[in-house]
Amino acid sequence: MRPEIKRAQHTIPVGASSPLRACRNVGTDPLVVAEAHGQYLHDVDGTRYIDFMYGFGPLILGHAPEAVSTAIAQQAANGTLFGTYCTQEIELAERITATADHLEQLRFVCSGTEAVMSTLRLARAYTGRTRVLRFNGGYHGHFDLVQNKDEARMRDSGLDPAAMRSNVFAEYNDAESVERAFAESPGEIAAVVVEPIACNMSLVMPEEGFLADLRRICDREGAVLIFDEVITGFRLTYGPASNLLGVSPDLTAFGKIIGGGTPVGAFGGRRDIMRLLDEERVLQGGTLSGNPLTMAAGLATLDALAQPGFYEELERKGALLEAAVERHRAEKGLDFTFTRTGSIFAFIFVPQAAPVRVKADVAAQAQSPYTTMYAGLRTAGYHLAPDIEEPMYVSAETTDETLEDFAARAVALLATDPNT
Ligand code: PMP
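If you use my numbering, the sequence shown closes out at 1080, no skipped numbers anywhere.
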């Protein structure tokens, strides 16, 4: 083990400020990174790794893109925090709200967690109800209302049992389970919160009609429909993924990409709901919310994403990776699932014929193929997601050569694992 890891774990619980970074689920020591450029991470020894994790999703342009780094440096020289109105904030809010009709107003916060938390508070105030319907396998941040622990473990976890009991769970891709939940809690559910494309149980696509069913049920029941687009926002198209999926939520939570790799979240939607903030009936604040440093990084990022052909090129790379994985898999006669949309992808170790619709389908996969692949690819100079159910990302900096090499190596490693 590197001395820095021991040093980190002495002062910082698990050694880092977010738990998955400790790599406990993949049984390999975490990297200690000194700097990052393009598709590469450089560790403190100067060893180079090709990244497929990209900071859990924000770095769609790769590491330290010049335009974003320059914008951050220029803004830093002109002030990082004003504590009053600033044009960068107005500009970024206008650009984001311009991407979808349902985004009538928007506010910034500093994390995806805060963004979702604020949407839920708004939904509760708007409806006068308290319960929140969510989906097994979804992740919406680390606040009490969206945790997934059983009663016995709640107190051990420091969670508020009352907040926890506000959770109502249904199954992703199963509108019937949503109908049942509403029938069991009549008039109590304030909001349905969903990742429109599920990115925290590997990568699971919504089935035809599922999101439209949620829209219909929420309209009928008077509940607020919230899309958590912290990962998917600006990842698949210039704006929320709802633009591709054809269903409009009432509120949307953003994070990650819109801050260009700096701390960010944002939430927005219907003016008649956002108005509760204007009336100061609902509180959301934040010393650093909408700070000019983050806004400058976000604006420079959106400039790059708005270039013609940007998302088409990412799609080309994603398709190249998928084709390469399929080719090697067929050659080796392996049977596992590879899911991809645009530049998001995941390996799921269930047979291709098996359904991958709900959390249980993903949870049924064998664990050892991923651990084997993780360790082998680390040795070969790759950095992957530190958990089997986290998706991975292709960035604008990922080269075709990288994609071909990664696919060949990944499948060759999987062929060595008896559980693939
Ligand atoms: N929602 C989703 C869908 C996420 O994936 C995440 C984090 N990965 C969050 C919310 C929380 O965002 P943050 O880590 O910025 O608080």
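Glycine residues also receive a C-beta, built at the ideal position from the N, C-alpha and C atoms. These figures come from a predicted structure and were not determined experimentally.
Rounded distance between the beta-carbons of residue j and residue i, thought under 8 Å
| i | j | result |
| --- | --- | --- |
| Ile1004 | Gln1025 | So it is not a contact: roughly 18 Å between Cβ atoms. |
| Val776 | Gly801 | 5 Å |
| Arg976 | Ile720 | Contact flag wrong, Cβ pair sits at about 15 Å. |
| Ala841 | Ala830 | 5 Å |
| Gln699 | Thr1062 | 6 Å |
| Gly675 | Thr1031 | Not really, about 20 Å apart at Cβ, beyond 8 Å. |
| His702 | Ala724 | Rounded, the Cβ-Cβ distance is 11 Å, inconsistent with contact. |
| Gln930 | Ala785 | According to the sequence shown, residue 930 is Arg rather than Gln. Rounded, the Cβ-Cβ distance is 13 Å, inconsistent with contact. |
| Leu953 | Thr740 | 5 Å |
Contact test: residue i Cβ vs the ligand PMP heavy atom, cutoff 7 Å
| i | result |
| --- | --- |
| His800 | yes |
| Phe716 | yes |
| Asp658 | Lying before the first or after the last residue shown, residue 658 is absent from the chain, which here runs from 661 to 1080. |
| Gly797 | no |
| Val854 | no |
| Ser771 | yes |
| Gly915 | yes |
| Asp1047 | no |
| Cys683 | no |
| Ile886 | no |
| Ile891 | yes |
| Cys746 | no |
| Asn827 | no |
| Asn951 | no |
| Asn833 | no |
| Val776 | yes |
| Gly869 | no |
| Asn613 | The chain is shown only over 661 to 1080; residue 613 falls outside these bounds and no answer can be derived. |
| Gly1002 | no |
| Gly925 | yes |
Distance between residue j and residue i (C-alpha atoms, nearest Å)
| i | j | result |
| --- | --- | --- |
| Glu608 | Tyr745 | The question about residue 608 has no answer here: the residues shown for the chain are numbered 661 through 1080. |
| Ala682 | Val890 | 22 Å |
| Arg935 | Glu1064 | 50 Å |
| Thr773 | Glu991 | 43 Å |
| Leu905 | Ala668 | 43 Å |
| Leu766 | Leu948 | 16 Å |
| Ala758 | Ala883 | 25 Å |
| Ala822 | Phe1066 | 46 Å |
| Ser1055 | Ala964 | 12 Å |
| Gly706 | Leu885 | 47 Å |
| Ala926 | Phe870 | 25 Å |
| Met955 | Gly993 | 49 Å |
| Val1022 | Met814 | 24 Å |
| Cys878 | Ser778 | 19 Å |
| Gly798 | Leu911 | 17 Å |
| Val852 | Arg789 | 12 Å |
| His762 | Ala753 | 14 Å |
| Val828 | Ser845 | 9 Å |
| Gly915 | Ser771 | 6 Å |
| Gly722 | Gly946 | 28 Å |
| Gln944 | Ala913 | 14 Å |
| Phe742 | Val907 | 37 Å |
| Asp892 | Gly919 | Residue 892 is actually Thr in this sequence, not Asp. Approximately 14 Å, taken between the alpha carbons. |
| Gly1036 | Glu726 | 32 Å |
| Ala1020 | Ala1006 | 16 Å |
| Pro1029 | Ala737 | 48 Å |
| Glu1057 | Tyr1042 | 14 Å |
| Glu855 | Leu974 | 21 Å |
| Val985 | Val1071 | 7 Å |
| Thr730 | Ser677 | 27 Å |
| Tyr898 | Met661 | 42 Å |
| Ser902 | Arg875 | 12 Å |
| Met1052 | Asp932 | 37 Å |
| Cys859 | Tyr832 | 12 Å |
| Glu749 | Pro1015 | 44 Å |
| Val806 | Phe795 | 10 Å |
| Asn951 | Glu695 | 24 Å |
| Ala783 | Phe887 | 12 Å |
| Ile857 | Pro1046 | 20 Å |
| Asn685 | Asp938 | 44 Å |
| Gly978 | Ser826 | 39 Å |
Curious, which full-length alpha helix (DSSP H) runs of at least 4 residues does the region 726 to 776 contain? 726 to 738, 747 to 757
Within the region 939 to 975, note down every full alpha helix (DSSP H) run reaching 4 residues or more, in order along the chain. 952 to 965
Any chance you could list the alpha helix (DSSP H) runs of at least 4 consecutive residues sitting entirely within the region 864 to 898, in chain order? 870 to 881
Where in the region 784 to 842 do unbroken runs of the beta strand (DSSP E), each at least 3 residues long, occur, reported from the N-terminal end onward? 791 to 795, 827 to 830
What beta strand (DSSP E) runs, 3 residues minimum, are completely inside the region 1001 to 1049? For the region 1001 to 1049, whole beta strand (DSSP E) runs of length 3 or above, ordered along the chain, are 1004 to 1008.
Whole runs of the beta strand (DSSP E) within the region 677 to 724, excluding any shorter than 3 residues: 693 to 697, 700 to 703, 708 to 711
Extract the residue ranges of the beta strand (DSSP E) inside the region 906 to 940, only unbroken runs of 3 or more that lie entirely within it. 911 to 915, 925 to 929
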